[in-house]
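Heads up: the structure comes next, in structure tokens.
Protein chains: 2
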Amino acid sequence: MENFIDIAKRAKKASVKAQGLSAEVKNRGLVAVAKALEEHKTEIFEANKADLEFAKELVEKGELSQATYKRLILDENKMRDMIQGIYDISKLDDPVNKTLLKRELDDGLILQKVSCPIGVLGIIFEARPDVISQISALAIKSSNAVILKGGKESKNTNKTILEIINSALSGVNEFPEGLLNQVYSREDVAEMLKADKYIDLIIPRGGNKLVKFIKENTNIAVLGHADGVCHIFVDETADLELAKRVVLDAKTQYPSACNTVETLLINKEFKQSEELLNAIKNAGVELIFTPESWHKEYSDLKLAVKYVDGVDDAIEHINEYGSGHTESIITENEENAQKFMNLVDSAGVYHNVSTRFADGFRYGFGAEVGISTNKTHARGPVGIDGLVIYKYKLIGNGQIVNDYAKGLKQFHHRDI
Amino acid sequence: MENFIDIAKRAKKASVKAQGLSAEVKNRGLVAVAKALEEHKTEIFEANKADLEFAKELVEKGELSQATYKRLILDENKMRDMIQGIYDISKLDDPVNKTLLKRELDDGLILQKVSCPIGVLGIIFEARPDVISQISALAIKSSNAVILKGGKESKNTNKTILEIINSALSGVNEFPEGLLNQVYSREDVAEMLKADKYIDLIIPRGGNKLVKFIKENTNIAVLGHADGVCHIFVDETADLELAKRVVLDAKTQYPSACNTVETLLINKEFKQSEELLNAIKNAGVELIFTPESWHKEYSDLKLAVKYVDGVDDAIEHINEYGSGHTESIITENEENAQKFMNLVDSAGVYHNVSTRFADGFRYGFGAEVGISTNKTHARGPVGIDGLVIYKYKLIGNGQIVNDYAKGLKQFHHRDI
Numbered sequence: 001m002e003n004f005i006d007i008a009k010r011a012k013k014a015s016v017k018a019q020g021l022s023a024e025v026k027n028r029g030l031v032a033v034a035k036a037l038e039e040h041k042t043e044i045f046e047a048n049k050a051d052l053e054f055a056k057e058l059v060e061k062g063e064l065s066q067a068t069y070k071r072l073i074l075d076e077n078k079m080r081d082m083i084q085g086i087y088d089i090s091k092l093d094d095p096v097n098k099t100l101l102k103r104e105l106d107d108g109l110i111l112q113k114v115s116c117p118i119g120v121l122g123i124i125f126e127a128r129p130d131v132i133s134q135i136s137a138l139a140i141k142s143s144n145a146v147i148l149k150g151g152k153e154s155k156n157t158n159k160t161i162l163e164i165i166n167s168a169l170s171g172v173n174e175f176p177e178g179l180l181n182q183v184y185s186r187e188d189v190a191e192m193l194k195a196d197k198y199i200d201l202i203i204p205r206g207g208n209k210l211v212k213f214i215k216e217n218t219n220i221a222v223l224g225h226a227d228g229v230c231h232i233f234v235d236e237t238a239d240l241e242l243a244k245r246v247v248l249d250a251k252t253q254y255p256s257a258c259n260t261v262e263t264l265l266i267n268k269e270f271k272q273s274e275e276l277l278n279a280i281k282n283a284g285v286e287l288i289f290t291p292e293s294w295h296k297e298y299s300d301l302k303l304a305v306k307y308v309d310g311v312d313d314a315i316e317h318i319n320e321y322g323s324g325h326t327e328s329i330i331t332e333n334e335e336n337a338q339k340f341m342n343l344v345d346s347a348g349v350y351h352n353v354s355t356r357f358a359d360g361f362r363y364g365f366g367a368e369v370g371i372s373t374n375k376t377h378a379r380g381p382v383g384i385d386g387l388v389i390y391k392y393k394l395i396g397n398g399q400i401v402n403d404y405a406k407g408l409k410q411f412h413h414r415d416i
Numbered sequence: 417m418e419n420f421i422d423i424a425k426r427a428k429k430a431s432v433k434a435q436g437l438s439a440e441v442k443n444r445g446l447v448a449v450a451k452a453l454e455e456h457k458t459e460i461f462e463a464n465k466a467d468l469e470f471a472k473e474l475v476e477k478g479e480l481s482q483a484t485y486k487r488l489i490l491d492e493n494k495m496r497d498m499i500q501g502i503y504d505i506s507k508l509d510d511p512v513n514k515t516l517l518k519r520e521l522d523d524g525l526i527l528q529k530v531s532c533p534i535g536v537l538g539i540i541f542e543a544r545p546d547v548i549s550q551i552s553a554l555a556i557k558s559s560n561a562v563i564l565k566g567g568k569e570s571k572n573t574n575k576t577i578l579e580i581i582n583s584a585l586s587g588v589n590e591f592p593e594g595l596l597n598q599v600y601s602r603e604d605v606a607e608m609l610k611a612d613k614y615i616d617l618i619i620p621r622g623g624n625k626l627v628k629f630i631k632e633n634t635n636i637a638v639l640g641h642a643d644g645v646c647h648i649f650v651d652e653t654a655d656l657e658l659a660k661r662v663v664l665d666a667k668t669q670y671p672s673a674c675n676t677v678e679t680l681l682i683n684k685e686f687k688q689s690e691e692l693l694n695a696i697k698n699a700g701v702e703l704i705f706t707p708e709s710w711h712k713e714y715s716d717l718k719l720a721v722k723y724v725d726g727v728d729d730a731i732e733h734i735n736e737y738g739s740g741h742t743e744s745i746i747t748e749n750e751e752n753a754q755k756f757m758n759l760v761d762s763a764g765v766y767h768n769v770s771t772r773f774a775d776g777f778r779y780g781f782g783a784e785v786g787i788s789t790n791k792t793h794a795r796g797p798v799g800i801d802g803l804v805i806y807k808y809k810l811i812g813n814g815q816i817v818n819d820y821a822k823g824l825k826q827f828h829h830r831d832i
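These protein sequence lines map, in sequence, to chains A and X. For the first sequence, the positions run 1 to 416 when our numbering is used. For the second sequence, the positions run 417 to 832 when our numbering is used.
Listed below in structure tokens is the structure:
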């Protein structure tokens with residue numbers, strides 16, 4: 001088995017070469033990958049069957065949840081979505097080589113800010129084998145190298161899928177070897193978290209234990225979210241029917257999602273709170289009124305409820321107990337809505353809509369890298385733009401700083 | 417003495433309130449600060465004198481370098497620049513509340529991506545007391561809270577300056593208390609590095625030992641650069657006079673700057689390398705030809721020199737030994753220049769100009785937060801835009817995800 005640092009070094013080299021790939025070549029690679037997955041799907045289903053047999057034993061021994069087992073299953077439908085997802089990514093604009101700024105600093109001295117890939121991404125994910133093809137496609141499109149580490153339960157499926165992808169890419173001219181890599185052991189994860197010389201960004205996709213562990217054990221930048229403690233604040237002037245509709249959607253439409261509401265804050269002056277709470281209970285949701293519930297992510301049909309004094313109190317509660325993910329105010333008072341959206345310090349601040357809208361596809365980003373509760377780089381649902389950064393190109397004909405320091409020349413800083 | 421966590425909590429609260437400050441109020445605050453510093457400059461000079469006396473003893477005991485001592489001195493000229501810097505920042509566009517994207521997801525469902533402050537910045541800096549006023553002004557302008565920790569050598573000066581600033585702000589309506597804070601001890605730094613619940617970004621300004629220590633000891637995002645190992649590659653077709661001029665400027669104009677060239681790579685086929693090297697030596701620069709020199713930042717009149725096989729070899733060397741700061745190619749070959757600028761993985765990639773141009777003021781950013789060799793968030797010279805992130809506002813009238821999941825409604829994603 002190759003050791004991690006060798007893989008990382010090769011990925012770093014490949015990432016440099018990938019910066020030179022044209023949009024046309026990258027899209028050609030994506031189409032080749034999609035076709036190869038279609039052609040070789042029987043192999044993938046076989047590999048998945050082997051994983052499922054092993055996983056079934058784990059479920060029987062109580063070492064794996066039924067929910068995780070279900071997420072491992074790769075059927076015709078998921079395969080079709082996986083392949084369609086790659087075609088969709090091939091149709092996105094090239095995120096690389098966009099001119100973000102062009103400025104003449106002085107005659108013949110031109111500064112350009114140009115988007116470019118981040119470099120090498122470390123992706124750590126659980127169970128779902130469709131992550132492999134999605135992340136590979138995003139990496140190809142954004143000219144980044146990746147090192148993937150999936151859950152051990154889907155090892156065969158993951159391995160087979162990446163081999164098919166890499167074999168397809170090797171048939172497309174110019175693609176550097178070592179762009180897409182996979183590692184399998186816990187030791188590899190430990191090495192990845194230390195490899196800040198080679199890895200530029202780590203994206204964990206999985207439960208909050210995984211994400212927390214990673215954030216606490218690396219000084220490489222991490223893109224993602226550990227918790228999703230989302231709030232809805234029902235203000236004094238809320239429309240009851242609208243509030244019912246939104247809260248029920250936010251809690252029951254998909255309770256295990258990270259953008260599900262976990263705490264309902266109700267303005268003490270709201271006259272119809274009993275009707276609202278009854279409607280929620282009748283939908284099978286358990287209501288919890290203890291302070292211990294305020295920072296909990298239930299991911300289940302449970303909802304913390306707290307009465308607050310008004311919009312200021314709601315804002316304070318959310319900024320103290322929330323996770324900075326997504327919060328919504330239900331109100332007919334425009335001023336309170338503005339205040340809430342300005343002062344709640346979360347990636348998503350909504351007015352009269354369900355928190356469940358926090359999602360890259362719903363925002364129209366085409367493909368989603370993940371949802372970030374970071375305060376730097378990228379926040380909220382992150383599209384492929386979150387996988388690029390920029391560099392400054394400066395082109396001149398012998399200019400030196402001394403001429404400007406001495407006052408012989410002056411900058412004129414004209415955007416062009 | 418207040419403990420660090422209490423200061424951090426207060427800063428976090430102040431940062432939320434600061435999100436509500438209008439551009440007009442912030443600029444009024446900045447003008448008040450500039451005027452107060454002008455009015456109280458005698459106090460500041462007195463405090464600085466006390467610091468200098470203490471520092472002089474340290475210099476005599478050999479515990480402080482003469483260079484650091486010089487940087488401590490606050491004279492009329494520096495004070496004038498400090499105050500002018502604040503007026504300049506007051507004239508910049510408000511970086512907060514810019515609409516970066518406005519999209520109708522469906523009828524009556526409007527998504528807005530709006531710039532907003534990062535939150536609480538931890539600033540750790542050495543010696544130079546003018547950092548206090550500059551960072552305070554940038555924080556006010558960008559609606560961020562800060563916790564500053566300066567070098568102990570300038571403690572009196574730093575304390576006096578921040579007290580004057582805070583006193584000026586307290587006279588301007590709406591400014592939250594606790595926006596600008598200062599701590600003084602090493603223990604405070606240790607606490608800051610652990611306080612990821614309160615601090616959103618750490619910006620170290622100082623030597624590479626300081627920056628390295630911080631990067632290795634926190635999992636909070638860090639903006640900055642440890643090393644500045646910049647390269648110039650003189651290609652086969654370089655113009656000799658242009659090469660001399662650029663290399664001499666890059667090495668001798670200000671040798672201790674981070675954007676000074678440290679390694680000169682010369683194409684073996686370049687016929688006039690002897691003349692070039694002689695010109696550099698005649699300017700008092702020591703040339704070093706050993707591999708040990710390839711990753712060194714001399715910050716002095718010393719230059720590592722290596723012959724390479726061509727542009728590919730130069731790119732490989734830089735990506736292996738460089739620090740991702742700034743590199744320049746001297747060539748008349750347009751194709752090589754393009755290749756170099758595309759494949760060198762650094763914040764600044766230049767053609768026929770001095771590396772010394774890597775600077776926020778020279779790029780026309782108005783004010784500089786620092787120079788970043790990060791691969792996420794902000795790269796290269798960072799202006800005030802590096803102190804903001806964004807949030808998503810979603811405004812509707814009762815929309816729920818279930819309608820879209822069931823196909824009863826469709827997104828139309830139209831930018832408006």
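We put the CB at the ideal spot given by N, CA and C, even for glycine.
Would residue i be called buried (16 or more neighbouring beta carbons within 10 Å of its own) or exposed?
i        : result
Phe125/A : buried
Leu111/A : buried
Phe705/X : exposed
Ile5/A   : exposed
Pro545/X : buried
Gln399/A : buried
Leu109/A : buried
Arg602/X : exposed
Using alpha carbons as the reference points, say which of the options lies closest to residue i.
i        : options                                : result
Ile551/X : Leu595/X, Leu521/X, Gly524/X, Thr515/X : Leu595/X
Asp761/X : Tyr198/A, Leu162/A, Ser154/A, Lys41/A  : Tyr198/A
Ile389/A : Ala139/A, Gln84/A, Gly348/A, Pro117/A  : Pro117/A
Ser133/A : Gln399/A, Glu53/A, Tyr87/A             : Tyr87/A
Ala347/A : Leu525/X, Leu810/X, Glu748/X           : Leu810/X
Ala238/A : Tyr363/A, Leu276/A, Asn77/A            : Leu276/A
Pro204/A : His377/A, Gly150/A, Lys56/A            : Gly150/A
Phe686/X : Asp616/X, Thr747/X, Glu732/X           : Thr747/X
Does DSSP put residue i in a helix, a strand or coil?
i        : result
Arg426/X : helix
Gly726/X : coil
Thr515/X : strand
Val645/X : coil
Phe125/A : strand
Lys684/X : coil
Tyr779/X : coil
Ser372/A : strand
Tyr600/X : coil
Thr326/A : strand
Glu297/A : coil
Thr260/A : coil
Lys113/A : strand
Glu104/A : strand
Tyr614/X : coil
Ile832/X : coil
Gln338/A : helix
Can you round the beta-carbon distance between residue i and residue j to whole angstroms, since I take them to be within the 8 Å contact cut?
i        : j        : result
Gly780/X : Phe411/A : 7 Å
Val645/X : Lys667/X : Incorrect: roughly 13 Å between the Cβ atoms, too far for contact.
His793/X : His377/A : 4 Å
Phe361/A : Glu368/A : 6 Å
Any beta carbon from chain C within less than 8 Å of residue i's own beta carbon?
i        : result
Ala699/X : Absent from the structure is chain C; the protein chains it does hold are A and X.
With 7 Å as the limit, tell me which residues of the segment 188–202 of chain A have their beta carbon closer than that to any beta carbon of chain X; keep them in chain order. Asp200, Leu201
Compile a chain-ordered list of the residues in the segment 215–242 of chain A whose CB is closer than 9 Å to at least one CB of chain X. Lys215, Glu216, Asn217, Thr218, Asn219, Ala221, Val222, Leu223, Asp239, Glu241, Leu242
So if I threshold CB-CB distances at 9 Å, which residues from the segment 67–82 of chain A count as touching chain X? none
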